[in-house]
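A.B. asks: The structure that follows is given in the form of structure tokens.
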Amino acid sequence: MYKILNKQDLGPSIKEFLISSPKIARKVQPGQFVVVKIDERGERIPLTIADYERDKGTITIVVQEAGKTTCQLGGLNSGDTLSDVIGPLGIPTHIENRGTIVCVGGGVGIAPVYPVARGFKEIGNRVISIIGARTRELVIWEDKIASVSDEVYITTDDGSYGRKGFVSDELQRLIEGKREFGLVFAVGPTLMMRAVSEVTRPYKLRTIVSLNPIMVDATGMCGACRVSVGGKTKFVCVDGPDFDGHQVDFDQLLSRQRIYLQEEKKALQHYNSLHKHGTLK
Amino acid sequence: MKIAPRKVEMPRQKPKVRVTNFNEVALGYSEKEAQQEAKRCLQCKKAPCTKACPVEIDIPGFIAKITEKDYQGAIRKIKEANLLPAMCGRVCPQEGLCEKACTLSKKYEPVAIGRLERFAADWELQKGSPESSPLPSSTGKRVAVIGSGPGSLSCAGDLVRWGDKVTIFEALHKPGGVLVYGIPEFRLPKAIIEREVNYIQSLGVEVKTGYVIGKIYTLDELFSQGYDAIFIGIGAGLPKFMDIPGENLNGVYSANEFLTRTNLMKAYLFPQYDTPIKIGERVAVIGGGNVAMDASRVALRLGAQKVSNIYRRSPKEMPARVEEVQNAKDEGVEFKFLTNPVRILGNKENWVTGIECIRMELGEPDESGRCRPVPIKGSEFTIKVDIVVMAIGAGANPLLPSATPDLKVNKWGYIVIDEASGKTSKEGVWAGGDIVSGAATVISAMASGRRSARAIHQYLMAPLEARDFS
């Protein structure tokens, strides 16, 4: 059992959880993820580790309520427990000196950008962060991102905060400003990571994306998370989650992420109907 | 006394009924049936059955106890050699081992050794808590066992009975390995595995789930935590695909994923359980082994209208147990032999719509001794399907070996061992089961787990200077 030490509402339906797991906290590196299973009947979902404190034995995950599992998770509070938190999984982000790094975070993907930006910053890179969301209330962790960045740019789709537009538009502007960038690192919705990769492609600017497909065991055993990268099938759980954005078949990934749309709806309806009748907390 | 030429039949769920549920198909002998079958045993002095058993159970011995109605004595005899009898009685391929060697089989059907083993084990489970064996005083030595499948459980079970302290590290959230994620409920009920794992725990084995060794700890970190030896029994956890076009279409599953969703995650109880599975109307399962039979039968139970099993050779070459093939046939699985997929077809939305196959004929025998299937030019044809399950075997999962550079693996990624002891290239580390041999059987994994347990215990008991550091 893994105890939730603190829970914070970051915005409408976005929750931050501080979880006790000294063994994972001791080992985790930027870019790695955990598999979370809430209870006996729960599914296994991968969540990127957004922060960790080794000496306190904690990890932080940030979740946006969307389906049954994330809604149930969002309903948990400080003092509640999760039956399984397994990790750290995946290959850590390759942190290296490349001069100026642009870290791009979209929506709930802003949070997992933080440890990566921090990692790049710590070894002496200049870090420019671009974070964005649909609307002002969904822009999270601005201060944390700012604390590990030399410059921060903010966008919202509706223009309610920062510049109106997408993070990829902001990236385009920065690149057209004739500055030299060594690497772009992006986390967020698949469409956003694709847009970022398309922006950098003509400039041959190295772009790393952190993919988030459906997983089951997340140890390379089932292949649910497979995606074509450079024409070769890769398992995101063990070969990734980081890949060269110019090589990823985003269309395939998008379609594989939608395999269970109907079932996800059904599960949420089922959950909500039980929830209303008070059988679940 | 005249010997009945045939085994006493074991009651089973009727095919039409059982395809509508996930309950166990074979129901086990009643006491009367067990008595009748046990009496067929000739009690051969030389016991060829025992010699053919990978873990050398005293088979005539336990059968004699059954005829004496001393069921506690029977299970005690079995447990001298095998701590997981309820499992082995169900999934061990007896027809190729003990029952094949049975003297009766020269003239008649062999004694139903597996069914009798199961009877004794189930008798004990039904009775309540199993009898715990007396344990010797602790040796003070600690062994880490990686993985919790049959090889690891047997290894742990032996070590703990010799007084070593054992901790099992399992990557998934439940112990049992392939017994839990791979073998379906209707062939091996999960409650049985739980009880056999509980039994091992009651002997003092500690089981830690959700520990992915190689990620959370390296082997060297385990040594520095105070473990004196390590056994690796992590199985063949890497799904194989055919490398044909269309394999990443929606609706194509590896057998590992298809079975894990169903067995470990209980997708057949969705939405009471959270993990979903897609089934469609028409399912094709590729492959001719036990896993392919399991996947086909699972597909039927999940509600598929038509399940086709596609195998590139002929029935004779199928690696699946005859009994499992028969079960699948009885339940309505359609077999397409001498047929091989060429590509998987999909629609605009990236969903599977069919498989293009080619007919095969058998050529010269290959290195496996089976006739090599050769494609017949121009014989391509298409089958309409919604779901494809690739059950063509499993390879070595590289997660742990790649985190352990001084652990020698062969060109396929399997861990290299000394055959007699299971010892690896790394000091203090042994390995067994599918991560050494490639996908095989539960009983062979158990045999290798026990072989390593002997070697590990000897190593732990030897004075330091006598240890072989070569």
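First to last, the protein sequences are chains A and B. One point on numbering: in the working numbering, the residue at position 182 of the first sequence is 182, and numbering is uninterrupted. If you count the second sequence from 1, you need to add 1000 to reach the working numbering. A virtual CB, placed ideally from N, CA and C, is assigned to each residue, including glycine.
1. Taking 7 Å as the threshold (C-beta atoms), are I1168 (chain B) and I1213 (chain B) in contact?
2. Taking only the alpha-carbon atoms, compute the straight-line gap between D1281 (chain B) and P1239 (chain B) and give it to the nearest angstrom.
3. Taking C-alpha atoms, which residue in B:A1144, B:P1150, B:R1187 lies nearest to R1166 (chain B)?
4. Less than 7 Å between the beta carbons of I140 (chain A) and G11 (chain A), yes or no?
5. Which of the residues in the region 1204–1217 of chain B, read from start to end, lie with their CB under 7 Å from any CB of chain A?
6. Going by DSSP, what residue range makes up the alpha helix (DSSP H) through D1294 (chain B)?
7. Taking only the alpha-carbon atoms, compute the straight-line gap between K1002 (chain B) and P1150 (chain B) and give it to the nearest angstrom.
8. From what residue to what residue does the alpha helix (DSSP H) around D143 (chain A) run?
9. Tell me whether A224 (chain A) sits in a helix, a strand or coil according to DSSP, three-state version.
10. Grab the span of the beta strand (DSSP E) containing M193 (chain A) for me, first residue to last.
11. Check the Cβ of S228 (chain A) against every Cβ in chain B and list those closer than 7 Å, keeping chain order.
12. Give me the chain B residues within the contact set of K68 (chain A), using Cβ-Cβ distance strictly less than 7 Å, ordered along the chain.
13. Under 7 Å between C-beta atoms, does P1271 (chain B) make it to chain A?
14. Verify whether the separation of the beta carbon atoms of L183 (chain A) and I123 (chain A) is less than 7 Å.
15. Compare the beta carbon distance of A1453 (chain B) and D1158 (chain B) with 7 Å and say whether it is the shorter of the two.
16. Give a yes or no on whether the minimum CB-CB distance between L261 (chain A) and chain B is below 7 Å.
17. Looking only at its own chain, which residues have a Cβ that is under 6 Å from the Cβ of S1470 (chain B), when we skip the five neighbours before and after it?
18. Run through the DSSP bridge pairs and tell me what T48 (chain A) is partnered with.
19. If you measure from the beta carbon of E1194 (chain B) to each beta carbon in chain A, is any gap under 7 Å?
20. Determine the direct distance from the alpha carbon of V216 (chain A) to that of K68 (chain A), and round the result to whole angstroms.
21. Give a yes or no on whether the C-beta atoms belonging to V104 (chain A) and A186 (chain A) are separated by under 7 Å.
22. Please tell me whether T156 (chain A) has its Cβ less than 7 Å away from any Cβ of chain B.
23. Taking 7 Å as the CB-CB limit, is F1224 (chain B) close to chain A?
24. For T1382 (chain B), write down the residues that DSSP places opposite it in a beta bridge.
25. Is there a Cβ of chain A sitting closer than 7 Å to that of P1175 (chain B), yes or no?
26. Taking 6 Å as the limit between beta carbons, can you name the residues of its chain near A1074 (chain B), skipping five residues before and five after?
27. Which residues share a DSSP beta bridge with N6 (chain A)?
28. What span of residues does the beta strand (DSSP E) with P1397 (chain B) cover, start to end?
29. List in chain order: all unbroken beta strand (DSSP E) runs of 3+ residues lying wholly within the region 1078–1152 of chain B.
30. So, with DSSP's three-state summary, where would you put L1219 (chain B)?
31. Between the region 1079–1112 of chain B and chain A, which residues of the former have CB atoms less than 7 Å from a CB of the latter, in chain order?
32. When you compare only the Cα positions, how much space is there between L280 (chain A) and G42 (chain A)?
33. Using DSSP with H/G/I as helix, E/B as strand and the rest coil, what is T1209 (chain B)?
34. Could you check whether E151 (chain A) and I128 (chain A) sit closer than 7 Å to each other, using their CB atoms as the reference points?
35. Check whether the Cβ atoms of T1170 (chain B) and S1137 (chain B) lie closer than 7 Å to each other.
36. Would you mind working out which of B:A1391, B:A1440, B:G1428 sits nearest Y1514 (chain B), comparing C-alpha positions?
C.D. replies: Walking through what the data contain:
1. no
2. Residue identity differs from the one stated: residue 1281 (chain B) is Glu in this sequence, not Asp. Roughly 24 Å separates the two Cα atoms.
3. Correcting the residue identity first, residue 1166 (chain B) is Val in this sequence and not Arg. The shortest C-alpha to C-alpha distance from V1166 (chain B) to any of B:A1144, B:P1150, B:R1187 is the one to B:A1144.
4. yes
5. G1210, V1212, K1215, I1216
6. 1290–1301
7. 39 Å
8. 142–147
9. coil
10. Premise fails: M193 (chain A) lies in the alpha helix (DSSP H), 190–200, not in any beta strand (DSSP E).
11. Close partners of S228 (chain A) in chain B (Cβ separation under 7 Å): N1248.
12. D1274
13. Output row for P1271 (chain B): interface = yes.
14. Judged by their CB atoms, L183 (chain A) and I123 (chain A) are not nearer to each other than the 7 Å cut-off.
15. yes
16. no
17. Confidence in S1470 (chain B) is poor, its pLDDT being 42 and thus under 50, which makes the residue's placement unreliable; the coordinate value appears in the next sentence. The answer is none, since no qualifying residue turns up.
18. A:F33
19. no
20. 16 Å
21. yes
22. no
23. A quick correction: the sequence has Ser, not Phe, at residue 1224 (chain B). So, not an interface residue.
24. B:E1356
25. no
26. F1062, K1065, I1066, A1120
27. A:L18
28. What sits at residue 1397 (chain B) in the sequence shown is Asn, not Pro. No beta strand (DSSP E) holds N1397 (chain B); DSSP gives it neither H nor E.
29. 1142–1146
30. helix
31. none
32. Residue placement at L280 (chain A) is poorly supported in this model, since its pLDDT is 49, which falls under 50; the coordinates are not used for a value here.
33. Judged by DSSP in its simplified three-state form, T1209 (chain B) adopts strand.
34. Their beta carbons are under 7 Å apart, which means I128 (chain A) touches E151 (chain A) by this criterion.
35. According to the sequence as given, residue 1170 (chain B) is Glu; it is not Thr. Against a cut-off of 7 Å, the Cβ pair of S1137 (chain B) and E1170 (chain B) comes out as no contact.
36. In the structure as shown, chain B begins at 1001 and stops at 1470. Residue 1514 (chain B) is therefore absent and cannot be evaluated.
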